[in-house]
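**Student:** In this note's numbering, the protein residues as written are 981 to 1390.
All C-beta atoms in this analysis are idealised placements derived from N, C-alpha and C, irrespective of residue type, glycine included.
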Amino acid sequence: MGSANEKKMNTLVIGLGFCTTLVFLGLLPAAFAGAQTTPPDIAHYKMISTLEYTGQGQFRNQLETFLTVNRQPLSDGETHYVIAMTNPGMAVANQNSGRAFPKEVSFNIENGRLVLEANQDVAFLGQVSNLCTKSLMKVTCQDVGRTWNRSFELPLPGDSSAGKLNFTMTAMAEKKEPLGEMIAVRAMSEPFTVNVTGRGGVSGIANSRINTVYLFDSAVENVYLSISVFQAVTNVNGFREIFRNELAVYKTDASGIPVDLRGVSNDFARFASKVGLSSEGLKISGKTDLPQWVKSEGVRNVQMANVCSAIACEGALNPVSALSIPAASVLEYQKNGDFQLYTADAQLAAKTASPATAKAASPNIFQQITSNWGWNLPTAAVVGGVTAGGIAAGGGFGGGGGSSSTPASP
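1. Should residue 1357 be counted as a contact of the ligand NAP given a C-beta to heavy atom distance under 7 Å?
2. If I follow the unbroken alpha helix (DSSP H) through residue 1283, where does it start and stop?
3. What's the call for residue 1238, buried or exposed, on a 16-neighbour Cβ count within 10 Å?
4. Are the CB atoms of residue 1223 and residue 1274 within a distance shorter than 8 Å?
5. Measuring only the C-alpha atoms, how far is residue 1088 from residue 1305?
6. Mapping the DSSP letters down to three states, classify residue 1116 as helix, strand or coil.
7. I'd like the ranges of any alpha helix (DSSP H) spanning at least 4 consecutive residues and lying wholly in the segment 1211-1276.
8. Beta-carbon within less than 6 Å of residue 1343's beta-carbon, same chain only, minus the 5 sequence neighbours each way: which residues are those?
9. Here's the rule I'm using: 16 or more other beta-carbon atoms within 10 Å means buried, otherwise exposed. How should residue 1365 be labelled?
10. Quickly, what does DSSP pair residue 1021 with across the bridge? List them, please.
11. So, are the CB atoms of residue 1033 and residue 1270 less than 8 Å apart?
12. Do residue 1109 and residue 1406 have their beta-carbon atoms positioned less than 8 Å apart in this structure?
13. Leaving aside the five residues before and after residue 1188 along the sequence, list all residues of the same chain whose C-beta is less than 6 Å from its C-beta, in chain order.
14. According to the neighbour-count rule (16 or more other Cβ atoms, all chains shown, within 10 Å of its Cβ), is residue 1054 buried or exposed?
15. How long is the line joining the alpha carbons of residue 1035 and residue 1150, rounded to whole angstroms?
16. What first and last residue would you give for the alpha helix (DSSP H) that runs through residue 1357?
17. Going by DSSP, what residue range makes up the alpha helix (DSSP H) through residue 1314?
18. Is the CB-CB distance between residue 1246 and residue 1352 below 8 Å?
19. Are residue 1248 and residue 1152 touching if we call contact CB-CB under 8 Å?
20. Going by DSSP, what residue range makes up the beta strand (DSSP E) through residue 1086?
21. Out of 1042, 1216, 1027, which one is the CA nearest neighbour of residue 1315?
22. In or out: residue 1103 buried (at least 16 other Cβ within 10 Å) or exposed?
23. Going along the chain, which residues of its own chain have a beta-carbon closer than 6 Å to the beta-carbon of residue 1050, five neighbours each way excluded?
24. Rounded to a whole number of angstroms, what is the C-alpha to C-alpha distance between residue 1278 and residue 1176?
25. Starting from residue 1033, follow its DSSP beta bridges and name the residues at the other end.
26. Rounded to whole angstroms, what's the CA-CA distance from residue 1059 to residue 1300? Just pull it up for me.
27. For the beta strand (DSSP E) containing residue 1298, list its first residue and its last residue.
28. Using DSSP's beta-bridge definition, name the partner residues of residue 1131.
29. Using the C-alpha atoms, what's the distance from residue 1288 back to residue 1296?
30. Please report the residue range of the beta strand (DSSP E) in which residue 1176 lies.
31. Rounded C-beta distance between residue 1038 and residue 1262? I'm assuming under 8 Å.
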């Protein structure tokens, strides 16, 4: 067994070797630039978002969406994004509810700042994003093998959002053919409090946490996979209430076939499992609607936390904003949804006009990931449909809306 210093030196050497290889590979495209034609900058993803609530009853809504990300470089330092969002199974649901599923979201990144149109329902996230990117350095191969801290001050006047988010960051190298060298980055938040309003206007707090992992290409310019888990606990209404959002986005081809991530290392599977996905969906014993605090302060803080943790993982806005901003728009739609699960599978949607059938056919995020790629993800203990061990991996929730913290582990 080597000493602790020897292990640190080995990690450093591995990281430097990985980085040197990437620098060399990064020079190759320039050497052949004159002989190549740049393809259109369009990428395809599948997004799965699950809202779960447990109080005096349970609520679960899972929505699957295909994303087509169109990235268009404009003038110096400016990029225009248009992200089209489609779900073939939503047509019947929209007719029944009279609600319109969001078809697209667009924004610009101008000199490192995100600019959203003022009339978009998630326009406040432009301010959040720009507060997060102040004095932030982009993650690179030099960060492989490191653990570090990132903190974001979010002074949004008159807002219920957390004033500060603290993350423990870890990066590791991963390699898988034909994708080649990749970088995985994980952000595990410390507990943070959110002001919430209960029945009769009673004020209280929800103790919250978000854990996020991103799998990037070696240049941290493309995303293959992202997973986030947010959880908030409160006693504002005189009983324990738990609100949870699980979000996964993974790259696909134009027809929706997932990128091949079979055969990743067990180290990466363990690394990703720390975010705390539930191995099973919430068990329903008594159906209920989402309370108002979840629809207002709860969802707003999920949107904010997802954006901040994504920026923490990249250390910049491009490309993570192309996923976190559409996710916020989908959440805005979901919060007013009914107790349903809507599949994004076009073949399934064509065979059924019943959301109940889609519900039965659509596995949760953990099940889809393990089915797609055969990963052996460690499972978290589930109590009443709420993860007891997973999201608590970087610091657990205490009873009665209180919280406690334990160190994050790689």
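**Tutor:** Considering the structure as presented:
1. With respect to small molecules bound, the structure shown includes none, and the ligand NAP cannot be examined in it.
2. Reading the sequence shown from its first residue, position 303 is the one you call residue 1283. For residue 1283, the enclosing alpha helix (DSSP H) starts and ends at 1279-1294.
3. Counted from its first residue, the sequence shown places residue 1238 at position 258. Its Cβ being crowded by 16 or more others within 10 Å, residue 1238 is buried.
4. Along the sequence shown, read from residue 1 onward, the residue named residue 1274 stands at position 294. Along the sequence shown, read from residue 1 onward, the residue named residue 1223 stands at position 243. In this structure, residue 1274 places its C-beta atom within 8 Å of the C-beta atom of residue 1223.
5. If you number the sequence shown from 1, residue 1088 lands on position 108. If you number the sequence shown from 1, residue 1305 lands on position 325. Roughly 12 Å separates the two Cα atoms.
6. Taking the first residue of the sequence shown as position 1, residue 1116 is located at position 136. In the structure shown, residue 1116 sits in coil (DSSP, three-state: anything other than H, G, I, E or B).
7. DSSP runs (the alpha helix (DSSP H)) wholly in the segment 1211-1276: 1246-1253.
8. Position 363 of the sequence shown, counted from the start, is the residue given in the question as residue 1343. If we look at residue 1343 and ignore the five residues flanking it on each side, it has no Cβ neighbours.
9. Indexing the sequence shown from 1 puts residue 1365 at position 385. Note that residue 1365 has pLDDT 35, beneath the 50 cutoff, so the model's placement of it is unreliable and the number below is only indicative. Note on residue 1365: 16 or more other CB atoms within 10 angstroms of its CB, so buried under the neighbour-count rule.
10. Here residue 1021 is taken as the residue at index 41 of the sequence shown, counted from 1. Residue 1021 is not bridged to any residue.
11. Here residue 1033 corresponds to residue number 53 of the sequence shown, with the count starting at 1. Here residue 1270 corresponds to residue number 290 of the sequence shown, with the count starting at 1. Taking 8 Å as the cut-off, the Cβ atoms of residue 1033 and residue 1270 count as close.
12. No answer is possible for residue 1406: it lies beyond the span of the chain, which begins at 981 and ends at 1390.
13. In the sequence shown, counting from the first residue as 1, residue 1188 sits at position 208. The residues are 1172, 1174, 1212.
14. In the sequence shown, residue 1054 corresponds to position 74, counting from 1. The residue is exposed, with fewer than 16 neighbouring Cβ atoms inside 10 Å.
15. Position 55 of the sequence shown, counting from 1, holds the residue named residue 1035. Position 170 of the sequence shown, counting from 1, holds the residue named residue 1150. The alpha-carbon atoms of residue 1035 and residue 1150 are separated by roughly 34 Å.
16. By one-based count along the sequence shown, residue 1357 stands at place 377. Per DSSP, residue 1357 is not a residue of any alpha helix (DSSP H), being assigned neither H nor E.
17. In the sequence shown, the residue the question calls residue 1314 occupies position 334. Its alpha helix (DSSP H) spans residues 1301-1314.
18. What you label residue 1246 is simply residue 266 of the sequence shown in a count that begins at 1. What you label residue 1352 is simply residue 372 of the sequence shown in a count that begins at 1. It is not a contact, given that the beta carbons lie outside the stated cut-off.
19. Walking along the sequence shown from the start, residue 1248 turns up at place 268. Walking along the sequence shown from the start, residue 1152 turns up at place 172. Between residue 1248 and residue 1152, the C-beta gap is smaller than 8 Å, which places the two residues in contact.
20. Residue 1086 sits at position 106 when you count from the first residue of the sequence shown. For residue 1086, the enclosing beta strand (DSSP E) covers residues 1084-1090.
21. Position 335 of the sequence shown, counting from 1, holds the residue named residue 1315. Here the closest residue by C-alpha is 1042.
22. The residue you call residue 1103 lines up with position 123 of the sequence shown. With fewer than 16 other Cβ atoms within 10 Å, it is exposed.
23. Locating residue 1050 in the sequence shown gives position 70, counting from the first residue. Hits under 6 Å: 1022, 1062.
24. As a working mapping, residue 1278 is identified with position 298 in the sequence shown. As a working mapping, residue 1176 is identified with position 196 in the sequence shown. Our two residues, residue 1278 and residue 1176, have alpha carbons roughly 8 Å apart in a direct line.
25. As a working note, residue 1033 is residue 53 in the sequence shown. For residue 1033, the pairing in a beta bridge is given by DSSP as 1039, 1223.
26. The residue labelled residue 1059 in the question sits at position 79 within the sequence shown. The residue labelled residue 1300 in the question sits at position 320 within the sequence shown. Pairing residue 1059 with residue 1300, the inter-Cα distance amounts to about 13 Å.
27. Taking the first residue of the sequence shown as position 1, residue 1298 is located at position 318. According to the DSSP assignment, residue 1298 belongs to no beta strand (DSSP E), since it is labelled neither H nor E.
28. On the sequence shown, residue 1131 is found 151 positions in, with the first residue counted as 1. The partner list for residue 1131 (beta bridge, DSSP) reads 1146.
29. For the purposes of this step, residue 1296 is identified with residue 316 of the sequence shown, where counting begins at 1. For the purposes of this step, residue 1288 is identified with residue 308 of the sequence shown, where counting begins at 1. Approximately 10 Å, taken between the alpha carbons.
30. As a position in the sequence shown, residue 1176 is number 196, starting the count at 1. Counting along the chain, the beta strand (DSSP E) containing residue 1176 begins and ends at 1172-1177.
31. As a working note, residue 1038 is residue 58 in the sequence shown. As a working note, residue 1262 is residue 282 in the sequence shown. The distance from the Cβ of residue 1038 to that of residue 1262 is about 6 Å, consistent with a contact at the 8 Å cut-off.
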